[in-house]
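Residues in the sequence shown are numbered consecutively from 13, following our numbering.
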Amino acid sequence: MFKTITEDLQKTLKSNLPQIRFLLKKNPGMAYKEIGEIGKKVGKKYNIELLVNFPHEGKIDNFEMYGKQDLSLIIDMEKKRFPMDREIIKEKALEILGDIKTEDAYMYEDKEGVRIIFNGNIQDKIDILPHSLHIWYEFTQPVIEFCEWLLENVYLLKNSQD
């Protein structure tokens, strides 16, 4: 499901790239808004809210990486707990992603979350919350595989083709 969603997003962004590039030159704010709208439209097809993020200055100019990093999937804002123990998520992260750091995150107001940190760099991370998934890292093959597992087993989303 993750691969399906991100490939759809990448394809849609690519087909709108001439307009986005034009807007970036004229009005970067409008370009960002347009990219956000594209994310929303693609997400709606999968019953999620899809946010394309540009966390650092200059990232919006890296057209090749649109939809291949820095993405938020808002799945169900009502959820505060995972359908499984957090340790299972951490174990699966280590199994698929290898040399990473896992930690509990956002543990307040009866909420829970897991953070995956790559290369010891807090900016290269995946934030896994019961209601949403935030990937602040490039979608390498292991990241895609892990996110596929998360969508199916933690967020209980099924591929419509299945």
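Where a beta carbon is used, it is the ideal one built from N, C-alpha and C, also for glycine.
For Arg93, name the three-state secondary structure that DSSP assigns. Looking up residue 93 in the sequence shown gives position 81. Arg93 falls in the coil class under three-state DSSP.
Take the Cβ of Pro95 as the centre, count every other Cβ of all protein chains shown within 10 Å, and call the residue buried at 16 or more, exposed below. By one-based count along the sequence shown, residue 95 stands at place 83. Looking at its Cβ environment, which holds fewer than 16 other Cβ atoms inside 10 Å, Pro95 is exposed.
Quick one: what's got a C-beta closer than 8 Å to Asp73's C-beta in the same chain, skipping five residues either side? Residue 73 sits at position 61 when you count from the first residue of the sequence shown. Around Asp73: Leu36.
Let's see if you can read the secondary structure: which residues bound the beta strand (DSSP E) around Lys71? Translated into the one-based positions of the sequence shown, residue 71 becomes position 59. Unbroken run through Lys71: none, as it is neither H nor E.
Simplified DSSP assignment, three categories, for Leu162: The residue given as residue 162 occupies position 150 in the sequence shown. Correct three-state label for Leu162: helix.
Exposed unless 16 or more other CB atoms sit within 10 angstroms - verdict on Leu168: Counted from its first residue, the sequence shown places residue 168 at position 156. So Leu168 ends up on the exposed side.
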